Amino acid sequence: MTHLDFILPIIWYCIIGAGILMYVILDGFTQGVGILMPFAHNMHERNMMMSVILPTWDGNQTWLVFGTAALYGAFPAAFATLMPLVYLPIMTMVIAILFRGVAFEYRMKSTEKAHIWDRVIFISSFLVAFMQGNILGAFVEGFHHEELLKNYFAWHSPFSYLTGMGVVFGYALLGATRIILKLDGPLQYYMYKVAKICLILVSFFMVSVSLATPFVHPEVFNFWFDIKKIPALAILPITTGILFLWCWHELNSQNNDKLPYILSYLMFICGYIGLGLSTFPYLVPRTMDIWQAASPTSTLIFMTPGALIMLPCIMAYTYYAYKIFKGKVHDPISY
Amino acid sequence: MLDHVILSRIQFAFTITFHILFPAFSIGLASFIALMEGLWLKTKKMIYYDICRFFTKIFALTFGVGVVSGIVMEFQVGTNWSGLSHTAGDILGALFTYEVMSAFFIEAGFLGVMLFGWNKVSKRLHFTATCLVAVGVIISAFLILIANTWMQHPVGFIYENGNFTPDNWLLILSNPMLYPRFFHMVLSAYLATGCVICAISGYYLLIKKHDHFAKKVFKFGVIGMAILAPTQLIVGDLVGLDVHHYQPIKSAAIEGVWNTSKEVPYLIFAIPDQKAEKNYYEIGIPYAASLINTHTFDGELIGLKSVSKDDRPNVAMVFFSFRIMLYLGGLMILVSLLSAYLLYRDKLYDYPLLYKLWILIAPAGFVAMECGWFTAESGRQPWVVYEYLRTNLAASNVNRYQVMASFIVIFMVYVIIFGFFYFKYLFKTIKKGPKRFTDKEINYPFGYLQSNSEETKQ
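Protein chains in written order, with the working numbering: chain A, 229 to 563; chain B, 206 to 663.
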């Protein structure tokens, strides 16, 4: 195995990881706001909530498209193995994404039917989040192929429903804190309360998932409870705990409208790293690692320059787009 | 009962048939807008600006639906066609990644400037953005055609243990079938767009509205069609030569040739019977098929019977879709040459019947393009990677009820939500007509479809 054979799959693992993280960061709050739609008291509040996400939503979900395409390009074996196994969650997610996009666009065009589109936004956002969590859970648990080829619902398990709900409340927390960041007045005040409830639920699910993860497979258990590594690995749960308490404090004191958002993101990233540590270097856990799944080095060499040129440009543009829409929203955006 | 393979095929065929309309229209519109904007910068006449702004609205709507309807396919490749992804992913995956990155790149970088930057950036920068979008969508098409051409005529790979490994990327990028097919596709996108552009301006001329605008657009449309439609015939001929050379069985299905023979007539019409292995009601032009496929009168065409029944495509499907494409192409050539002749005699605007004719053939370019793809894709069956991987081995082993359920939902979403609303807003935009700009107004970016609606509210 030459150096490139070893390093390129790691580089692409990181590129895909970064793509998915970008997706979670950007689309997470968008779906969160969608999930929180039923909590708005009236049309005006819903319009205000939509104004938080409308300017940037469509660029956000393209990161998912990128992550998937890159997975196909760099790790075709993993892509081909995983996709059919989670057929139903993937298809449900894709269709919900379609509905959500359509609902965003048409909500503004019909005033008298806007409440129907709002409901569509809620259901589709919820489904997208839940299915993503579901896929994540199934992924962490790993698949036992022989069983799965006979059972088309093997992705569903208590663990994957746990992660599903975890992601739903996680996104809701991001949405609520984003609204706190972008809005003023009673809705902001109300969202402080909503965020607190979400935070409690998120921490409940995060703790449950964290406790359950080591037990899905002995290998994961040995990784987390290795005596030599415990001091280093303990940093992660301790950091998450501190972030949780800090975020709780900020939501209580209501002094700073930016910190809850940033802190909940940091919590998310901690969870993301934790799941990454539990599964690395596998793409199909305990079955196929990144070197087994990777395209031949010639393919990865062919793909790498494109990614290295285009990704920084896209990130820079995303930053620029967000910069334009910086600051508080005071009036509902309408076209 | 339909099995998961045929259901997956139906699902993918439907998705891609629907999807391709929008990228093709985007390719044509982007180039047209770039051309008009260039003319605006050169001549400084506001009419070109008005044309740009009007067609940018349609472009925004089209591009948006194109992006969203394409998302599904990316997942289908994995969920429904994992066999293909497994064996050929090392080659196809990289090409798709490039395609997504380039599409993403255009979308992120230049589309925003093009759609919403009219008064925010300098004219020159805006024109650059428009040109980059126009080039970018063509690059996207090129990348997809590399992948598709590789599947039609695989080159530059090593086939080991049922797995395709890239051996020579340069060869994959310079596939002998690639360039004629690529130009054929880009031209068909231009022709399809040209038909619609002529139809929209013809409609305005017919109802005597937006006269100045309509005359200008109609003239450009007609000139473009008169140049491009005959060119397409030549490029199409090149593609035909390649198909005959590399995929003789597809040629045989196109021409309805059962027995290998020379001096083959071109069948204007026939009803091929797959089971009986012959055609009914043949009407042919002697020697013409040999002439078309080999450029000699006595050229030999390999017959369908030279391969076993399992290795033959659905002949009627290939035969008829090719003919629909060809005859619609002929119709476009006739109408555009007639219009060009009238333009030459300075009588272009004298015959309302001509406008009606253009409105009538508005979908011709798109139908021809779809039929061309049906010919190409069903003609290569039963292979998905020609002569290496059979379609039924490329499908995922998933439950057919899952495939059926997802197909039904995708069908409803596409037809009802995309199809219905796309046409609703397209017709609304056309009905509202172009705006005449005297002063410049500021648009604010919120999404693709908004750029279309915001002006309708003003």
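Ideal placement from N, C-alpha and C gives every residue a C-beta, glycine not left out.
None of these values were measured; they are calculated from a predicted model.
Bridge partners - residue i, DSSP secondary structure assignment
i: B:GLY489; result: B:LEU472
i: A:MET516; result: A:VAL512
i: B:ARG595; result: B:TRP588
i: B:LYS467; result: B:GLU505
i: B:PRO477; result: B:ASN484
Nearest to residue i (by Cα), restricted to the options the options
i: B:GLU487; options: B:LYS480, B:ASN498, B:PHE315, B:ILE473; result: B:ILE473
i: B:TYR593; options: B:THR354, B:HIS331, B:HIS358, B:PHE418; result: B:HIS358
i: B:THR436; options: B:ARG605, B:PHE388, B:LEU226; result: B:PHE388
i: A:PRO509; options: A:GLY502, A:GLY398, A:ASP517; result: A:ASP517
i: B:ALA419; options: B:VAL589, B:PHE259, B:ASP208, B:ILE349; result: B:PHE259
i: B:PHE362; options: B:ASN380, B:LEU350, B:SER345; result: B:ASN380
i: B:VAL210; options: B:GLN281, B:VAL620, B:ASN498; result: B:GLN281
i: A:PHE294; options: B:GLU582, B:MET251, B:ALA299; result: B:ALA299
i: A:PHE358; options: A:ALA460, A:LEU539, A:GLY260, A:LEU528; result: A:GLY260
i: B:GLY504; options: B:LEU531, B:SER456, B:LEU244; result: B:SER456
i: A:SER523; options: B:GLU304, B:PHE369, B:LEU240, B:LYS640; result: B:PHE369
Inter-residue Cα distance where the pair is residue i and residue j
i: A:LEU292; j: A:GLU447; result: 29 Å
i: B:GLY673; j: B:ILE405; result: Any question about residue 673 of chain B goes unanswered here, given that chain B covers just 206 to 663.
i: A:ASP233; j: B:CYS336; result: 39 Å
i: B:LEU565; j: A:ILE351; result: 42 Å
i: B:LEU433; j: A:PHE307; result: 41 Å
i: B:VAL540; j: B:LEU297; result: 40 Å
i: B:PHE612; j: A:VAL356; result: 18 Å
i: B:LEU446; j: B:ALA218; result: 26 Å
i: A:MET434; j: A:LYS457; result: 21 Å
i: B:LEU671; j: A:GLN520; result: Any property of residue 671 of chain B remains undetermined from this structure, which presents chain B solely from 206 to 663.
i: B:PHE223; j: B:VAL572; result: 11 Å
i: B:MET617; j: A:MET321; result: 16 Å
i: A:SER353; j: A:ILE263; result: 6 Å
i: A:VAL395; j: A:PRO442; result: 19 Å
i: A:GLY256; j: B:VAL448; result: 48 Å
i: B:GLY577; j: A:VAL330; result: 30 Å
i: A:TRP285; j: A:GLY499; result: 24 Å
i: B:ASP644; j: B:LYS262; result: Here the model assigns B:ASP644 a pLDDT of 49, short of 50, so the residue's position is not dependable and the matter cannot be decided.
i: A:MET543; j: A:ALA302; result: 20 Å
i: A:TYR545; j: B:ASP555; result: 50 Å
i: A:LEU536; j: A:ILE490; result: 27 Å
i: A:PRO414; j: A:PHE432; result: 28 Å
i: B:LEU637; j: B:LEU631; result: Residue identity differs from the one stated: residue 637 of chain B is Lys in this sequence, not Leu. If I take the Cα positions, the gap works out to 10 Å.
i: B:PHE525; j: B:THR398; result: 23 Å
Residue span of the beta strand (DSSP E) that contains residue i, given as start and end
i: B:LYS368; result: Here residue 368 of chain B is Asn; the residue named in the question, Lys, does not match the sequence. From DSSP, the beta strand (DSSP E) with B:ASN368 extends over 368–371.
i: B:PHE362; result: 362–365
Extent of the continuous alpha helix (DSSP H) run through residue i
i: B:MET278; result: 251–284
i: B:ILE344; result: 328–357
i: A:THR391; result: 386–410
i: B:GLN437; result: 416–451
i: B:LEU289; result: 287–311
i: A:ILE351; result: 342–369
i: A:MET265; result: Looking at the DSSP string, A:MET265 is not in any alpha helix (DSSP H), and its letter there is neither H nor E.
i: A:SER438; result: 413–444
i: A:ILE501; result: 487–507
i: B:ARG517; result: B:ARG517 -> no alpha helix (DSSP H), and no H or E assigned at all.
i: A:THR290; result: 290–302
i: B:MET609; result: 605–617
i: A:TRP383; result: That residue, A:TRP383, is in no alpha helix (DSSP H); it is neither H nor E in DSSP.
Contacts of residue i in chain D (Cβ-Cβ under 9 Å)
i: B:VAL360; result: The structure shown contains no chain D; the protein chains it does contain are A and B.
Three or more C-beta pairs below 8 Å linking the region 541–553 of chain A and the region 474–484 of chain A: No, the region 541–553 of chain A is not in contact with the region 474–484 of chain A.
Cβ pair count under 8 Å reaching 3, the region 553–564 of chain B against the region 501–518 of chain B: With the rule of 3 Cβ pairs closer than 8 Å, the region 553–564 of chain B does not count as touching the region 501–518 of chain B.
At least 3 beta-carbon pairs within less than 8 Å: the region 600–609 of chain B vs the region 254–268 of chain B: The region 600–609 of chain B vs the region 254–268 of chain B: no contact.
Inter-stretch contact at 8 Å, needing at least 3 Cβ pairs: the region 317–326 of chain A / the region 273–282 of chain B: The region 317–326 of chain A and the region 273–282 of chain B touch, with no fewer than 3 CB-CB distances between them shorter than 8 Å.
Segment contact, 8 Å Cβ cut-off, at least three pairs: the region 310–320 of chain A with the region 234–247 of chain A: By the Cβ criterion, the region 310–320 of chain A is not in contact with the region 234–247 of chain A, since fewer than three pairs of Cβ atoms, one from each stretch, lie closer than 8 Å.
Touch test, the region 409–425 of chain B against the region 369–383 of chain B, Cβ-Cβ under 8 Å, three pairs minimum: The region 409–425 of chain B, when compared against the region 369–383 of chain B, does not touch it at the 8 Å Cβ threshold.
Three or more C-beta pairs below 8 Å linking the region 489–506 of chain B and the region 457–466 of chain B: Between the region 489–506 of chain B and the region 457–466 of chain B, the count of C-beta pairs closer than 8 Å reaches three or more; the two stretches touch.
Three CB pairs or more closer than 8 Å across the region 462–469 of chain A and the region 402–412 of chain A: Too few Cβ pairs lie closer than 8 Å, so no.
Three CB pairs or more closer than 8 Å across the region 474–493 of chain B and the region 419–428 of chain B: Not touching, per the Cβ criterion.
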